[in-house]
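A.B. asks: I am attaching a structure below and will ask some questions about it afterwards.
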Amino acid sequence: MNAVAQYNFAYLDEQTKRMIRRAILKAIAIPGYQVPFSSREMPMPYGWGTGGVQVTASIIGPDDVLKVIDQGADDTTNAVSIRAFFAKVAQVETTTHTADATIIQTRHRIPEKPLGQGQILVYQVPIPEPLRFLEPRETETRKMHALEEYGLMHVKLYEDIARHGRIATTYAYPVKVEGRYVMDPSPTPKFDNPKMHMSAALQLFGAGREHRIYAVPPYTEVVSLDFEDHPFTIQHFEEPCALCGAEQVYLDEVILDDRGGHMYVCSDTDNCEERRSAGHVGTLGMQEAAE
Amino acid sequence: MSQDFSHQDPLLRVEGLTKYYGSRLGCADVSFELWPGEVLAIVGESGSGKTTLLNSLSATLEPTSGKTMYRMRDGQWRNIYDLSEAERRFLFRTDWGFVHQDAAMGLRMGVSAGANVGERLMAVGDRNYGHIRSTALDWLGRVEIAADRIDDQPRSFSGGMRQRLQIARNLVTGPRLVFMDEPTGGLDVSVQARLLDLLRGLVGELGLAAIVVTHDLAVARLLSHRMMVMKDGHVIEAGLTDRVLDDPREPYTQLLVSSILQV
Amino acid sequence: MTALSVQNLSKTFTMHLRDGIILPVVANVNFELHPGECVVLGGPSGAGKSSILKMVYGNYGVDAGAIVLQHHGEAVDLATADPRTVLTLRRDSIGYVSQFLRTVPRVSALDVVAEPLVIRGVDKAEAQAKARELLARLNLPERLWSLPPATFSGGEQQRVNIARGFITHHSVLLLDEPTASLDAINRAVVVAMIAEKKAAGVALLGIFHDEDVRTQVADRIVDVTAFAPRIAA
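Protein chains in written order, with this note's numbering: chain A, 2 to 292; chain B, 2 to 264; chain C, 184 to 416.
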């Protein structure tokens, strides 16, 4: 433990935290706007959540309770190591229970359980610029944001429908925030887009490699882009979770054997566990019980 | 070439337009007026200042001095260099078009033909996929691109097709003024003829005002009502296209006209 | 009343590519044209007949003088008019049948003929019907109507050109050798068409080398040699 005592609280030095907090405040003041910040080297590679970690490090206090999820799960390598990181450098309490957490750092999911006031959701963002795929020039995309020229975003959706007969974008689905900025909600499934709308929680987005922070303050309008005759819809699953029987949640497909056997289970592991301990049982769960 | 002479007000009023690059002259003291439905050709050889003039007229370049007054859709006269960038870009998405010599500069090569045409509609707020698509189909037909190519990217198009797509992309919002920079440059002669005929038809049908930069006098003859001959940054001769070509006054214009290859 | 009045017109060419030599073409051209008459410009080749016709149409500039045309009841000087006015005059008041057809790629003979009416705002179907009527009268085979005239023979092209010139009701019509490449039957058709224009009050100014046609259509002959410039020694 002495070795880590040399680090400042939550790893980053106070000057850096102040700089990042200023960026966060600006981001909150201009919902959906990408605020540049001076991203630091972190003790993990880019792509492992350096942006999210810097945001979390800048807002976390000794009384916070931290939850980290990776694709909805609390128990993957990335989630476990980031949780361990903050337990070590900030000595904060950690949890896997959504309701108990004050800060939830996430890679590409929003918990199924609605978030409440006082909670903060920190997204790890690989590519913050939604216009980049069609307009590679950063000077031009900034101008387009500034002048609210968002026709290009619909060009992307048009291409989807022309090619697939429907809007085939299923993740990183572009949204318009508070009627002004178009924002990439990070590669979360579009299933989660409606949860961002009018959320009681503060949502912060950190892109470490790209040096950008943006935010959606509580109770902000977040609208998924679409066409009148091809309205936005979320994914629909044919069967409930095999373990807890949950419907209207986001499911992952799990391959069971090499003969085509598979099952759908909750992506949000905490929500699934909670349901099972409350007595909900899915089709496979019953089999397990019977065996 | 039909021309609607009932419009009494010009669309564009250019006054003393001058552009220097440092101490080097781009174009000097150019003044003219352009009316709705009128096609003006700017001819001259490379380095004569015609592209500088076109870029200044389209606000792509800021001139050193002079004004370009444009009559906006609401009837207001505005100096285009005093417009805010947002206004200027809006003008370019709606009321103006720009056809580049290199179609790749005027198209999005990575999205389908339909989206290339539809982009301007979406940019002005059209949010109905069916409408955007049927409008795109209509325009592809007008520029003679087969309907079954609507979902293909322009990468797979020939030079002539790309140029026609670029024209459709520009005209879909019903602009009043179109700038063209060597629109037939680099195309095979037979492809050029088709494009010219198409442009001539569209310009007449839509009553567009157009400014066409070309070094090809045949293009000027076929497309334009009036022409200006440029040399060393100056307009040395201007007037009715057939008069300038059939009765050229200036030594340089005579040289230009006499240099046309006869077939 | 005068349909066209040419006053003190003079014209020289300066050939800059040939050491700036000055070629005088005509000087002090004076004549008038009245509604319902056909005036023929006479004189040998090179006397400036074609140049006069081109100046009257605005195709050549003039050095001095006036070309006064009646346009919607107003006298307009075409010699000093700006390009827009010249184009308006050509659309509404003065027509021209040139010696050679300037073909536009891909445009059918029928549309070439109908175009002057379309430009004046006539419904396209109506203009094409009128064009068909004229082409039939000039005995142009119907199978050619939908083809671009670029590959037509000289006589066929000339008939397309005549139809295009005669389709409108311009008050002044200029004719530059309209019958040069025509056979006797079609020459007779053109002569009859000219007579009809005259009867309709159109003022015609033409160049006809064909003696026979000339005597049939001309009310007056203006001898262009009278306008020969005095060559400076």
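Think of the CB as a built atom: it goes at the ideal place given N, C-alpha and C, for glycine as much as any other residue.
Per DSSP, what kind of secondary structure is A:HIS155 in: helix, strand or coil?
C.D. replies: helix
A.B. asks: According to DSSP, which residues form a beta bridge with B:LYS232?
C.D. replies: Per DSSP, the beta bridge partners of B:LYS232 are B:HIS235.
A.B. asks: Is the number of C-beta pairs between the region 33-46 of chain B and the region 203-220 of chain B that are closer than 8 Å three or more?
C.D. replies: yes
A.B. asks: What residues from chain C crowd round B:TRP140, counting only those whose CB sits closer than 7 Å?
C.D. replies: Here the premise fails: no neighbours, minimum Cβ distance about 19 Å.
A.B. asks: Look at the alpha carbon of B:GLY160 and the alpha carbon of A:GLU179, and state the distance between them as a whole number of angstroms.
C.D. replies: Going by the C-alpha atoms only, they are around 43 Å apart.
A.B. asks: Report yes if the CB atom of A:HIS177 is closer than 8 Å to the CB atom of A:ILE235, and no otherwise.
C.D. replies: Note that residue 177 of chain A is Lys in the sequence shown, not His. No, the Cβ-Cβ distance between A:LYS177 and A:ILE235 is not below 8 Å.
A.B. asks: Kindly indicate if chain C contains any beta-carbon less than 8 Å away from that of B:ARG227.
C.D. replies: yes
A.B. asks: Is the shortest distance between the beta-carbon of B:GLY175 and the beta-carbons of chain C less than 8 Å?
C.D. replies: no
A.B. asks: What's the gap between the Cα of B:ILE261 and the Cα of A:GLU139?
C.D. replies: 46 Å
A.B. asks: Leaving out five residues before and five after C:LEU236 in sequence, what residues of the same chain have Cβ atoms less than 6 Å from its Cβ?
C.D. replies: LEU357, ASP359
A.B. asks: Once you ignore the five residues that flank A:PHE87 on each side, which residues in its own chain have a CB closer than 6 Å to its CB?
C.D. replies: LEU67, VAL93
A.B. asks: Beta-carbon within less than 6 Å of B:THR174's beta-carbon, same chain only, minus the 5 sequence neighbours each way: which residues are those?
C.D. replies: THR95, ARG121
A.B. asks: Beta carbon of A:HIS281, beta carbon of A:ALA247: below 8 Å?
C.D. replies: yes
A.B. asks: Taking the alpha-carbon of C:ALA297 as reference, which of C:PHE283, C:SER281, C:PRO288, C:GLU316 has the nearest alpha-carbon?
C.D. replies: C:GLU316
A.B. asks: Taking the beta carbon of B:GLN255 as the centre, do at least 16 other beta carbons fall within 10 Å, making it buried, or is it exposed?
C.D. replies: buried
A.B. asks: Going along the chain, which residues of the region 124-139 of chain B sit with their C-beta nearer than 7 Å to a C-beta in chain A?
C.D. replies: Taken in chain order, the members of the region 124-139 of chain B whose beta-carbon sits within less than 7 Å of a beta-carbon on chain A are ALA124, ARG128, ASN129, TYR130, GLY131, ILE133.
A.B. asks: So, at 6 Å on beta carbons, what are the nonlocal neighbours of A:ALA291 in its own chain, with the 5 sequence-adjacent residues on each side left out?
C.D. replies: Reliability fails at A:ALA291, whose pLDDT of 44 lies under 50, so the model's placement of it is uncertain and no value is given.
A.B. asks: Starting from A:ASN9, follow its DSSP beta bridges and name the residues at the other end.
C.D. replies: The partner list for A:ASN9 (beta bridge, DSSP) reads A:TYR12.
A.B. asks: Quick one: which chain B residues come within Cβ less than 8 Å of C:LEU300?
C.D. replies: Simply none; closest approach about 11 Å.
A.B. asks: If you measure between the beta carbons of B:ASN129 and B:LEU166, is that distance less than 8 Å?
C.D. replies: no
A.B. asks: Is there a Cβ from chain B that is less than 8 Å from the Cβ of C:VAL269?
C.D. replies: Output row for C:VAL269: interface = yes.
A.B. asks: With H, G and I counted as helix, E and B as strand and the rest as coil, what does DSSP make of B:ASN282?
C.D. replies: No answer is possible for residue 282 of chain B: the residues shown for chain B start at 2 and end at 264.
A.B. asks: Does chain A have any CB closer than 8 Å to the CB of B:TYR253?
C.D. replies: no
A.B. asks: Relative to the C-alpha of B:GLY48, which residue among B:MET231, B:LEU257, B:LEU241 is closest?
C.D. replies: Checking every option, the nearest Cα to that of B:GLY48 belongs to B:MET231.
A.B. asks: For B:SER7 and chain A, any beta-carbon pair shorter than 8 Å?
C.D. replies: With a pLDDT of 48 at B:SER7, under the threshold of 50, the modelled position of this residue cannot be trusted; read the value that follows with caution. Closer than 8 Å: no.
A.B. asks: Give me the residue from C:ARG403, C:VAL385, C:ALA249 with the minimum Cα distance to C:ALA210.
C.D. replies: Selected option, being the one with the closest Cα: C:ALA249.
A.B. asks: Entirely within the region 73-122 of chain B and at least 4 residues each: give me those alpha helix (DSSP H) ranges in chain order.
C.D. replies: 86-95, 104-107
A.B. asks: For B:SER3 and A:GLN204, I'd like the C-alpha separation in whole angstroms.
C.D. replies: The pLDDT assigned to B:SER3 is 40, lower than 50, so where the model puts this residue is not dependable, and the model offers no usable value.
A.B. asks: Rounded to the nearest angstrom, how far is the Cβ of C:ARG289 from that of B:ALA147, given a contact under 8 Å?
C.D. replies: Contact between C:ARG289 and B:ALA147 fails: their C-beta atoms lie close to 17 Å from each other, not under 8 Å.
A.B. asks: Can you find a CB in chain B that lies within less than 8 Å of the CB of A:ALA102?
C.D. replies: By this cut-off, A:ALA102 is not an interface position.
A.B. asks: Under the DSSP definition of a beta bridge, which residues are partnered with A:TYR265?
C.D. replies: A:GLU254
A.B. asks: Assign C:THR197 to one of three DSSP states: helix, strand, or coil.
C.D. replies: In the structure shown, C:THR197 sits in a strand (DSSP, three-state: E or B).
A.B. asks: Below 8 Å on C-beta distance, what does B:ALA194 contact in chain C?
C.D. replies: Neighbours of B:ALA194 in chain C, taken as residues at a C-beta separation under 8 Å, are given in chain order as PRO288, ARG289.
A.B. asks: Given that A:ALA173 touches chain B, what residues does it touch there, using C-beta distances under 7 Å?
C.D. replies: Result: empty, since nearest Cβ-Cβ is about 18 Å, beyond 7 Å.
A.B. asks: Can you pull the chain A neighbours of B:SER59, defined as C-beta to C-beta under 9 Å?
C.D. replies: Those do not exist, as B:SER59 stays about 17 Å from chain A at its closest Cβ, beyond 9 Å.
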